[in-house]
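J.: Starting off with a structure, shown below.
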Amino acid sequence: MNTTLDRMALGEIAVLLPGASAIFRRYGMDFCCGGDVLLAEAVKEPGVALEQIVAELRALDQSAPRAYPEEPGALIDHILERYHETHRRELPELIRLAEKVERVHASHPDVPAGLAEALRTAAYELETHMMKEEAVLFPMMRLGTHTGIAHPIQRMRIEHDDHGERLREIERLYRNGVLPAEACGSWRALYAGVRKLADDLMQHIHLENNVLFPQFATELPALPICPGMVMPAKQID
Numbered sequence: 024m025n026t027t028l029d030r031m032a033l034g035e036i037a038v039l040l041p042g043a044s045a046i047f048r049r050y051g052m053d054f055c056c057g058g059d060v061l062l063a064e065a066v067k068e069p070g071v072a073l074e075q076i077v078a079e080l081r082a083l084d085q086s087a088p089r090a091y092p093e094e095p096g097a098l099i100d101h102i103l104e105r106y107h108e109t110h111r112r113e114l115p116e117l118i119r120l121a122e123k124v125e126r127v128h129a130s131h132p133d134v135p136a137g138l139a140e141a142l143r144t145a146a147y148e149l150e151t152h153m154m155k156e157e158a159v160l161f162p163m164m165r166l167g168t169h170t171g172i173a174h175p176i177q178r179m180r181i182e183h184d185d186h187g188e189r190l191r192e193i194e195r196l197y198r199n200g201v202l203p204a205e206a207c208g209s210w211r212a213l214y215a216g217v218r219k220l221a222d223d224l225m226q227h228i229h230l231e232n233n234v235l236f237p238q239f240a241t242e243l244p245a246l247p248i249c250p251g252m253v254m255p256a257k258q259i260d
């Protein structure tokens with residue numbers, strides 16, 4: 024790559040380098056709502072050496088195929104199938120598991136009390152958001168409409184930030200995914216599912232904010248960084 028990576032934004036790197044988003048997730052770096060932050064600045068929060076991440080990014084195969092199409096219609100289909108349908112399928116089960124864990128282990132000091140309610144709220148907010156995209160924004164994009172589309176896109180970006188705040192609350196309630204040694208199967212399945220939800224939602228928002236939306240509205244005002252999407256760094260072997 025001709026451009027110095029540390030002077031590139033996280034979202035830009037995630038678009039240009041297949042596999043970069045997995046590296047960012049592993050270090051707990053926000054590449055979706057905080058996609059406009061330069062890599063050199065983004066590494067300061069998790070306290071990771073810039074040289075280490077740059078080396079990992081440069082080791083990626085730049086010719087590797089992307090896991091998603093870039094043409095708007097095909098990308099929308101991918102988002103609907105891979106993320107909208109997945110959220111609708113998996114969130115009810117996560118809520119059920121959270122309710123069970125909170126009920127059965129109510130006396131345990133590490134029980135994620137309040138997680139079921141936070142997941143219910145997230146599911147409602149996400150469903151409302153996805154319905155707006157499916158009913159209004161995505162049909163406009165399929166028609167190739169650019170006039171009047173900036174405001175709906177801006178609204179969806181703001182709601183993405185709201186999802187980030189909700190995810191931050193969920194992350195706090197599930198204690199960064201740290202399980203007690205005696206955790207039962209339901210507890211373990213719940214935490215694995217919450218981690219997958221976080222990873223999926225970050226990639227979902229990244230594809231919309233950094234790949235789909237810029238193809239239709241390029242002169243939107245800058246949006247604030249979404250602190251809620253910064254998930255804790257995974258354990259690195």
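Per this note's numbering, residue 24 is the first one in the sequence shown, and the count goes up by one each step. Using N, Cα and C, we set each Cβ at its ideal position, and we do this for glycine too.
1. Over what stretch of residues does the alpha helix (DSSP H) that includes V124 continue unbroken?
2. Helix or strand or just coil, what does DSSP make of L149?
3. Can you tell me where the alpha helix (DSSP H) with A45 in it begins and where it stops?
4. Leaving out five residues before and five after H152 in sequence, what residues of the same chain have Cβ atoms less than 6 Å from its Cβ?
5. Do L62 and D29 have their CB atoms nearer than 8 Å?
6. Taking 7 Å as the cut-off, is the CB of S44 close to at least one heavy atom of the ligand COA?
7. Please tell me whether L202 and R195 are closer than 8 Å, where the distance is taken between their beta carbons.
8. For L202, does the three-state DSSP call read helix, strand or coil?
9. For the region 207-233, which segments carrying the alpha helix (DSSP H) assignment without a break, of at least 4 residues, lie completely within its bounds, in sequence order?
T.: On the basis of the supplied data:
1. Mapped onto the sequence shown, residue 124 falls at position 101. From DSSP, the alpha helix (DSSP H) with V124 extends over E108 to V127.
2. Residue 149 sits at position 126 when you count from the first residue of the sequence shown. Note: L149 maps to helix in three-state DSSP.
3. Against the sequence shown, residue 45 aligns to sequence position 22. It spans A43 to R49 - the alpha helix (DSSP H) in which A45 sits, taken as one unbroken run.
4. Working through the sequence shown from its first residue, we reach residue 152 at position 129. For H152, where only same-chain residues beyond five positions count, the Cβ hits under 6 Å are E182.
5. Counted from its first residue, the sequence shown places residue 62 at position 39. Counted from its first residue, the sequence shown places residue 29 at position 6. Yes, the pair counts as a contact, with Cβ atoms nearer than the cut-off.
6. In terms of ligand content, the structure shown is empty, and the ligand COA therefore cannot be addressed.
7. Working through the sequence shown from its first residue, we reach residue 202 at position 179. Working through the sequence shown from its first residue, we reach residue 195 at position 172. Result no, Cβ atoms of L202 and R195 do not sit closer than 8 Å.
8. Residue 202 sits at position 179 when you count from the first residue of the sequence shown. L202: coil per DSSP, three-state reduction.
9. 208-229
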